[in-house]
Amino acid sequence: MTAFCIMERPARELFFSVFFREDIVLEIRISDNKQDMGAAAAEHAASGLRESLSVRGEANLVVATGMSQFEMLQHLVAAHGVDWRKVNIFHLDEYIGLDDSHPASFCRYLKERFESKLPHPPASFNYIDGTASDPQEECRRVGGLISRHPIDVACIGVGENGHLAFNDPPADFGTDDPFIIVTLDEACRRQQYGEGWFDAIDDVPSRAISMSINQIMKSAKLVVTCPDRRKAEAVKNAVKGEVSVMCPASKLQEHPDCHLFLDKSSAVLL
């Protein structure tokens, strides 16, 4: 049985836990605004990186893109005590056929908003090449890289349709391939257009290379940042609904170290 337990109420944050099983506890933090939300998420991610650096001398990180990650990435690049020279970085997904000259390119997004702002170059930044002549071979290439770098912290978001990365419903919960080729559903393409990345919905590519659900779930720690009222239904379904391929984010209920950062708008239905 799912149970909610309010843990504390700081001045600008409501912090509570959802118990799915004795060994599965989803921590949820609700901030007054997106800046506070982003700062809290970034600090939690940084603490995971610092721990890995302390124990192993290196760390492996996944970062996401989109409007939901603006504030989190802004604070993460300024996090204290993270030696980025020892951090290998991966990103979640990329449109097939879109190069980094396009404003919607996720490679461009991460170069401009994250990599270029780090105080030191990372040990590696492993981008997905959406323009590769053979997208399946590109999946194998980045899959081989991530298999050699088990992820310590994955900073991700949740889509309006409940997707994780570009795993739209019905998501593939069965594949063990680290990266897969996916077809974007209509709701996902409307979200990308609605956020202003494209001039017309017909311009949104229909296919992408995406990190798979099972690869995301292999991450030791998940830091999930999800602001805005338009995400509230997806958040409710992810936290309070059954685990289902029709709400890919519901799979978060099965992760042993998942932390969900919301603002008041995205938490309104909880």
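Take the sequence shown: its letter number 180 is residue 184 in the numbering used here, and every next letter is one higher. Each residue gets a CB set at the ideal place from its N, CA and C atoms; glycine is no exception. In this text the structure is predicted, and so the values were computed from the model without any measurement.
* Asked: Which residues in the same chain as residue 104 place their Cβ atom closer than 6 Å to its Cβ, once the five residues preceding and following it in sequence are excluded?
  -> By 1-based counting over the sequence shown, the position of residue 104 is 100. Once the five neighbours on either side are set aside, the close Cβ partners of residue 104 are 111, 112.
* Who are the near neighbours of residue 56 in its chain, counting only those whose CB is closer than 6 Å to its CB and skipping five residues on each side? -> For this step, residue 56 is matched to residue 52 along the sequence shown. Excluding positions up to five away in sequence, the list reads 63, 156.
* Asked: What's the gap between the Cα of residue 215 and the Cα of residue 173?
  -> Position 211 of the sequence shown, counted from the first residue, corresponds to residue 215. Position 169 of the sequence shown, counted from the first residue, corresponds to residue 173. Rounded to the nearest angstrom, the two C-alpha atoms are 15 Å apart.
* Per-residue DSSP class, three states only, for residue 276 -> Because residue 276 is not part of the residues shown, which for the chain are 5 to 274, the question remains open.
* Asked: Leaving out the 5 sequence neighbours to the left and right, which residues in its chain are closer than 7 Å to residue 153 when beta-carbon positions are compared?
  -> For the purposes of this step, residue 153 is identified with residue 149 of the sequence shown, where counting begins at 1. 64, 92.
* **Cross-strand partners of residue 149 (DSSP beta bridge)** => Taking the first residue of the sequence shown as 1, we reach residue 149 at position 145. The secondary-structure analysis by DSSP pairs residue 149 with nothing; it has no beta-bridge partner.
* To do: Find out if the Cβ-Cβ distance for the pair residue 81, residue 54 is shorter than 8 Å.
  => In the sequence shown, the residue the question calls residue 81 occupies position 77. In the sequence shown, the residue the question calls residue 54 occupies position 50. No; because the gap between Cβ atoms is not below 8 Å, this pair is not in contact.
* the segment 30 to 49 contacting the segment 211 to 231, beta-carbon criterion three pairs below 8 Å -> Contact holds: three or more Cβ-Cβ distances are below 8 Å.
* Asked: Do you know offhand how far residue 69's Cα is from residue 247's?
  -> Start at 1 with the first residue of the sequence shown, and residue 69 comes out as number 65. Start at 1 with the first residue of the sequence shown, and residue 247 comes out as number 243. Inter-residue distance for residue 69 and residue 247 is about 24 Å (C-alpha atoms, whole angstroms).
* Minimum length 3: unbroken beta strand (DSSP E) runs contained in the segment 70 to 143 -> You should have 91 to 95, 97 to 99, 128 to 130.
* Boundaries of the beta strand (DSSP E) in which residue 17 is found, first to last residue -> As a first step, residue 17 must be located in the sequence shown, where it is residue number 13. Start and end: 17 to 25.
* Which of the three DSSP states, helix, strand or coil, is assigned to residue 38? -> For the purposes of this step, residue 38 is identified with residue 34 of the sequence shown, where counting begins at 1. Of the three classes helix, strand and coil, the one that applies to residue 38 here is helix, per DSSP.
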